[in-house]
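Peer 1: Protein sequence lines correspond, in order, to chains A and B.
Using my numbering, the first residue of the first sequence is number 1, and each one after it goes up by one.
Using my numbering, the first residue of the second sequence is number 1001, and each one after it goes up by one.
Note that CB positions come from ideal geometry on N, CA and C, so glycine has one too.
Take this structure first; my questions come after.
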Amino acid sequence: MTQPSWVYTDKVKDHFMNPRNILMDEDSYQEDGKGVTGNIKCGDEMIVVIQVDKDKGIITDCKWKTFGCASAIASTSVLSEMVKGMKLEDAYRISAKDINKELGGLPEHKIHCSVLGDKALRMAINDYYLRHGMEDKVQKEEARVVCQCMNVTDQEIEHAVLDGARTFYELQEKTKVGTVCGECKEEVTRLLEAYKQKHFCEV
Amino acid sequence: MAVKRIYMDNNATTPLHPEVKKAMVEGMEIFGNPSSLHTFGRHARQFVEEARQKVASFLGASPKEIMFTGSGSEANNTVLSIITCSSKHCGSNLVKGDTIITTTIEHPCILETTKCLKEKGVNVQYLEVDQHGKISLDRLKDLVTERTSMVSVMMANNEIGTFQDIKTIAEIVHSKGALFHTDAVQAVGKVPVNVENLNVDFLTLSGHKIYGPKGIAALYVKKGVPFCPLIRGGHQEKGRRAGTENTLGIIGLGKAIEMRSQEMETEEKRLLELKTMLKEGIAAKIPDVRFIGHPTDSLAGTLNVSFDGAEGEAIILYLDLEGIAVSTGSACASGSLDPSHVILATGAPVECAHGSIRISLGRENTMEEVEYLLDVLPRVIAKIREMSTVYVRRAS
Chain A
1 MTQPSWVYTD
11 KVKDHFMNPR
21 NILMDEDSYQ
31 EDGKGVTGNI
41 KCGDEMIVVI
51 QVDKDKGIIT
61 DCKWKTFGCA
71 SAIASTSVLS
81 EMVKGMKLED
91 AYRISAKDIN
101 KELGGLPEHK
111 IHCSVLGDKA
121 LRMAINDYYL
131 RHGMEDKVQK
141 EEARVVCQCM
151 NVTDQEIEHA
161 VLDGARTFYE
171 LQEKTKVGTV
181 CGECKEEVTR
191 LLEAYKQKHF
201 CEV
Chain B
1001 MAVKRIYMDN
1011 NATTPLHPEV
1021 KKAMVEGMEI
1031 FGNPSSLHTF
1041 GRHARQFVEE
1051 ARQKVASFLG
1061 ASPKEIMFTG
1071 SGSEANNTVL
1081 SIITCSSKHC
1091 GSNLVKGDTI
1101 ITTTIEHPCI
1111 LETTKCLKEK
1121 GVNVQYLEVD
1131 QHGKISLDRL
1141 KDLVTERTSM
1151 VSVMMANNEI
1161 GTFQDIKTIA
1171 EIVHSKGALF
1181 HTDAVQAVGK
1191 VPVNVENLNV
1201 DFLTLSGHKI
1211 YGPKGIAALY
1221 VKKGVPFCPL
1231 IRGGHQEKGR
1241 RAGTENTLGI
1251 IGLGKAIEMR
1261 SQEMETEEKR
1271 LLELKTMLKE
1281 GIAAKIPDVR
1291 FIGHPTDSLA
1301 GTLNVSFDGA
1311 EGEAIILYLD
1321 LEGIAVSTGS
1331 ACASGSLDPS
1341 HVILATGAPV
1351 ECAHGSIRIS
1361 LGRENTMEEV
1371 EYLLDVLPRV
1381 IAKIREMSTV
1391 YVRRAS
């Protein structure tokens, strides 16, 4: 029998088999910032810790741990390599798309699993700013209510898109957005396109 | 380096039995349309009817009560769809009531269909299961009323292996005059199933779960019960399922059933021994594990286990890299992000539903293979737990 290709790319396989920078010494690790994120409902949880060269504002070390699938493991592993030596503000801008590109592409339905690492990293960077008296640099990712009737936020819409919703109807199924007065339909459709573009356009 | 390949996902599908393969290779010469009156057609018809006879006698049914379908899912869809037919041309307008009762642990082909029926106005009620995956017979007694049209309960669960007491369930259902269907796809060919003894009205079985080919299944329809075809447009299968018969698949299914009738008893004993060895081995070698499903009343070859702090897809992919094929209860790997509805229905925590794996043994598995799995698995779990946020938190 000819060997079928593995379920993900070779790079994902490599990082899955040999994950880099796992946080093995959690208790003794001298972190400068820490981010914890995840939703056990989708079966993922992520911890990212960083060490920072305070003078230069550069990440010198990044370690992580996860309760997550192969995609979560591989994407955080590759992320932890990408950010070493990177300026904090540059690291903050790393998106799931960048990680996906680095990994050579994940299937659409697994993108959802790969966003945890960069989210935890942003939290760790903000945590670093907070711990070191740089509150002014903390960037907030605040949710904004888009659908007033059902109290649905832009973040929920983004999650639903990551979760597989590709049409307004599918968003309604997942979030109940726009199911009452429907006034938000136009904005939701615009957000839908934007999030599709953000997470799923060609890498 | 060639990796040894071990297949332990027999509830997903099974390899063809060599005898089935042989029968099918020979069967490839038979191309006539079984509906044709000429010699070619009659030749094919003969093979189709022989297979029907084998399936019927294996179930204790009459051949007229067996119809072939393209899949277990199709058979299940067919049965449930009878409810909404109000045509006076097919017998199903005789179906009384307006309610379907099923369980929370059925296969998606039942659950998605009942969801759709609900949107069409059918009242659907779901029976919950206990920690071992058993429905409550008392609860069923409460739920079944004169308004119940049909009850559908699977005989053995595909993810956790738990059996239901089909005979008693059928009695309860019939006491109120409702119809009873059982999805027995995972059970037929693994345990003795006699439709007369169980007194079911409909029963679904499938070829590829019992070392037969894919794309062929059978539905038992008890003589005299209302029926309405899902696929119309031909007189095949006595007008119950249009479409030229899948002669080759039917030959394969017939042979698979025949081989099961010869091998089932000894084979299932052997599988139970292997599973016991596997279960005891896991319990001895790996801490913090949880076995899901009924401890005794379950499929001989099915073991569902979760490992605290370890995510299911990661486990199966590490095992795959070691040459071992098992599956995850969580559908995460297959596209859906939702945890297994079956594991959740047993009351297990969500992370458990995300972390469970299903090992399903079959006739080609050996003791050496189980030993190999027991050798590899502790390493894999230890590796995943090392990087797990959840496990460390529990241990500390």
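Do B/L1143 and B/Q1164 have their C-beta atoms closer together than 7 angstroms?
Peer 2: Taking the first residue of the second sequence as 1, we reach residue 1143 of chain B at position 143. Taking the first residue of the second sequence as 1, we reach residue 1164 of chain B at position 164. Taking 7 angstroms as the Cβ cut-off, B/L1143 and B/Q1164 do not qualify as a contacting pair.
Peer 1: Please report the residue range of the alpha helix (DSSP H) in which A/C69 lies.
Peer 2: Here residue 69 of chain A is taken as the residue at index 69 of the first sequence, counted from 1. Per DSSP, A/C69 belongs to no alpha helix (DSSP H) and is neither H nor E.
Peer 1: Below 6 angstroms CB to CB, which residues in the same chain sit around B/A1218 once its five sequence neighbours on both sides are set aside?
Peer 2: Numbered from its first residue, the second sequence carries residue 1218 of chain B at position 218. Hits under 6 angstroms: V1055, I1066, F1068 and L1205.
Peer 1: Let me make sure I understand the geometry here. Which of B/G1301, B/A1314, B/E1313 and B/E1311 has the alpha-carbon closest to that of B/L1361?
Peer 2: On the second sequence, residue 1361 of chain B is found 361 positions in, with the first residue counted as 1. Ranking B/G1301, B/A1314, B/E1313 and B/E1311 by Cα distance to B/L1361 puts B/G1301 first.
Peer 1: Using a Cβ-Cβ cutoff of 7 angstroms, what residues of the stretch 1299 to 1315 of chain B are near chain A? List them in chain order.
Peer 2: If the cut-off is 7 angstroms between Cβ atoms, the stretch 1299 to 1315 of chain B has G1309, E1311, E1313 and A1314 near chain A.
Peer 1: Quick one: give me the first and last residue of the alpha helix (DSSP H) that B/V1129 is part of.
Peer 2: By one-based count along the second sequence, residue 1129 of chain B stands at place 129. First-last for B/V1129: undefined, no H or E at that position.
Peer 1: What does B/L1117 touch in chain A if you count any residue whose Cβ is under 8 angstroms from its own?
Peer 2: Here residue 1117 of chain B refers to the residue found at position 117 when the second sequence is read from its first residue. Here the premise fails: no neighbours, minimum Cβ distance about 18 angstroms.
Peer 1: If you measure between the beta carbons of A/M86 and A/I59, is that distance less than 7 angstroms?
Peer 2: In the first sequence, the residue the question calls residue 86 of chain A occupies position 86. In the first sequence, the residue the question calls residue 59 of chain A occupies position 59. Yes; because the gap between Cβ atoms is below 7 angstroms, this pair is in contact.
Peer 1: Classify B/G1312 as buried or exposed, calling it buried when 16 or more other Cβ atoms lie within 10 Å of its own Cβ.
Peer 2: To locate residue 1312 of chain B, count along the second sequence from 1; it is residue 312. Under this definition B/G1312 is a buried residue.
Peer 1: DSSP three-state label for B/N1123, please.
Peer 2: The residue given as residue 1123 of chain B occupies position 123 in the second sequence. Strand at B/N1123.
Peer 1: State the beta-bridge partners of B/F1202 as determined by DSSP.
Peer 2: Sequence index remark: in the second sequence, residue 1202 of chain B carries index 202 (1-based). DSSP output for B/F1202 lists B/H1181 and B/V1221 as bridge partner(s).
Peer 1: Inspect the beta-carbon positions of B/V1185 and B/Y1220 and report whether they are closer than 7 angstroms.
Peer 2: If you number the second sequence from 1, residue 1185 of chain B lands on position 185. If you number the second sequence from 1, residue 1220 of chain B lands on position 220. No, Cβ-Cβ distance for B/V1185 and B/Y1220 is not below 7 angstroms.
Peer 1: Does the distance from the CB of A/C113 to the CB of A/C149 come in under 7 angstroms?
Peer 2: As a working mapping, residue 113 of chain A is identified with position 113 in the first sequence. As a working mapping, residue 149 of chain A is identified with position 149 in the first sequence. No, these two residues do not count as a Cβ contact at 7 angstroms.
Peer 1: Do you know offhand how far A/D204's Cα is from A/D10's?
Peer 2: No answer is possible for residue 204 of chain A: the residues shown for chain A start at 1 and end at 203.
Peer 1: Just to confirm my understanding: we take B/R1363, look at its own chain, exclude 5 residues before and 5 after, and list those with CB closer than 6 angstroms. What are they?
Peer 2: Counted from its first residue, the second sequence places residue 1363 of chain B at position 363. The residues are E1267.
Peer 1: In this structure, how does DSSP classify B/I1457 when only helix, strand and coil are distinguished?
Peer 2: The question about residue 1457 of chain B has no answer, for chain B in this structure spans 1001 to 1396.
Peer 1: How is B/Q1164 classed by DSSP in three states: helix, strand or coil?
Peer 2: Locating residue 1164 of chain B in the second sequence gives position 164, where the first residue counts as 1. Reduced to three states, the DSSP call for B/Q1164 is coil.
Peer 1: According to DSSP, is A/L23 helix, strand or coil?
Peer 2: Within the first sequence, the letter at position 23 stands for residue 23 of chain A. Looking at A/L23 - three-state DSSP - the assignment turns out to be coil, as it is neither helix nor strand.
Peer 1: Are the beta-carbon atoms of A/M46 and A/A120 separated by less than 7 angstroms?
Peer 2: Taking the first residue of the first sequence as position 1, residue 46 of chain A is located at position 46. Taking the first residue of the first sequence as position 1, residue 120 of chain A is located at position 120. Yes.
Peer 1: If we count the other Cβ atoms within 10 Å of its Cβ and call it buried at 16 or more, is B/V1020 buried or exposed?
Peer 2: By 1-based counting over the second sequence, the position of residue 1020 of chain B is 20. B/V1020 should be labelled buried.
Peer 1: Which residues mark the beginning and the end of the beta strand (DSSP E) in which B/T1099 is found?
Peer 2: Indexing the second sequence from 1 puts residue 1099 of chain B at position 99. Here the beta strand (DSSP E) through B/T1099 covers T1099 to T1103.
Peer 1: Taking a contact to mean a Cβ-Cβ separation below 7 angstroms, would you say B/S1152 touches B/I1110 in this structure?
Peer 2: Taking the first residue of the second sequence as 1, we reach residue 1152 of chain B at position 152. Taking the first residue of the second sequence as 1, we reach residue 1110 of chain B at position 110. Taking 7 angstroms as the Cβ cut-off, B/S1152 and B/I1110 qualify as a contacting pair.
Peer 1: So, is the C-beta of B/L1317 closer than 7 angstroms to a C-beta in chain A?
Peer 2: Within the second sequence, numbered from 1, the residue matching residue 1317 of chain B stands at position 317. Judged by the 7 angstroms Cβ criterion, B/L1317 is in contact with chain A.
Peer 1: Where B/Q1131 and B/R1385 are concerned, what is the direct C-alpha to C-alpha distance, given to the nearest angstrom?
Peer 2: Walking along the second sequence from the start, residue 1131 of chain B turns up at place 131. Walking along the second sequence from the start, residue 1385 of chain B turns up at place 385. If I take the Cα positions, the gap works out to 25 angstroms.
Peer 1: Please report the distance separating the alpha-carbon of A/S28 from that of A/N126.
Peer 2: For the purposes of this step, residue 28 of chain A is identified with residue 28 of the first sequence, where counting begins at 1. For the purposes of this step, residue 126 of chain A is identified with residue 126 of the first sequence, where counting begins at 1. Roughly 21 angstroms separates the two Cα atoms.
Peer 1: Determine whether the beta carbon atoms of B/I1251 and B/A1012 lie at a separation below 7 angstroms.
Peer 2: By one-based count along the second sequence, residue 1251 of chain B stands at place 251. By one-based count along the second sequence, residue 1012 of chain B stands at place 12. No, Cβ-Cβ distance for B/I1251 and B/A1012 is not below 7 angstroms.
Peer 1: Quick check on this structure: which residue in B/G1207, B/M1367, B/C1090 and B/M1387 has the alpha carbon closest to the alpha carbon of B/I1006?
Peer 2: To locate residue 1006 of chain B, count along the second sequence from 1; it is residue 6. The candidate whose alpha carbon is nearest that of B/I1006 is B/M1367.
Peer 1: Kindly indicate which three-state DSSP category B/T1013 falls into: helix, strand or coil?
Peer 2: For this step, residue 1013 of chain B is matched to residue 13 along the second sequence. Three-state DSSP puts B/T1013 in coil, outside helix and strand.
Peer 1: Could you pull the start and end residues of the beta strand (DSSP E) that A/E45 belongs to?
Peer 2: Within the first sequence, residue 45 of chain A is the residue found at index 45, counting from 1. D44 to D53 is the extent of the beta strand (DSSP E) around A/E45.
Peer 1: B/F1291 by DSSP, collapsed to three states: which one?
Peer 2: For the purposes of this step, residue 1291 of chain B is identified with residue 291 of the second sequence, where counting begins at 1. Strand at B/F1291.
Peer 1: Could you have a look at B/C1332 and say whether DSSP puts it in helix, strand or coil?
Peer 2: As a working note, residue 1332 of chain B is residue 332 in the second sequence. Unreliable placement is indicated for B/C1332, whose pLDDT of 42 sits below 50; the coordinate value is still reported in the next sentence. Looking at B/C1332 - three-state DSSP - the assignment turns out to be helix.
Peer 1: Please list, in chain order, the chain B residues whose beta carbon lies closer than 8 angstroms to that of A/K65.
Peer 2: As a first step, residue 65 of chain A is located in the first sequence; it is residue number 65 there, counting from the start. Within chain B, the residues near A/K65 are M1387, S1388, T1389 and V1392.
Peer 1: Assign B/I1210 to one of three DSSP states: helix, strand, or coil.
Peer 2: Indexing the second sequence from 1 puts residue 1210 of chain B at position 210. Of the three classes helix, strand and coil, the one that applies to B/I1210 here is coil, per DSSP.
Peer 1: Does DSSP put B/A1325 in a helix, in a strand, or in coil?
Peer 2: The residue labelled residue 1325 of chain B in the question sits at position 325 within the second sequence. In this structure, B/A1325 counts as strand in the three-state DSSP scheme.
Peer 1: Buried or exposed for A/Q197, going by 16 or more other Cβ atoms inside 10 Å?
Peer 2: As a working note, residue 197 of chain A is residue 197 in the first sequence. So A/Q197 counts as exposed.
Peer 1: Any beta carbon of chain B sitting closer than 7 angstroms to that of A/I99?
Peer 2: In the first sequence, residue 99 of chain A corresponds to position 99, counting from 1. No, its Cβ sits nowhere closer than 7 angstroms to a Cβ of chain B.
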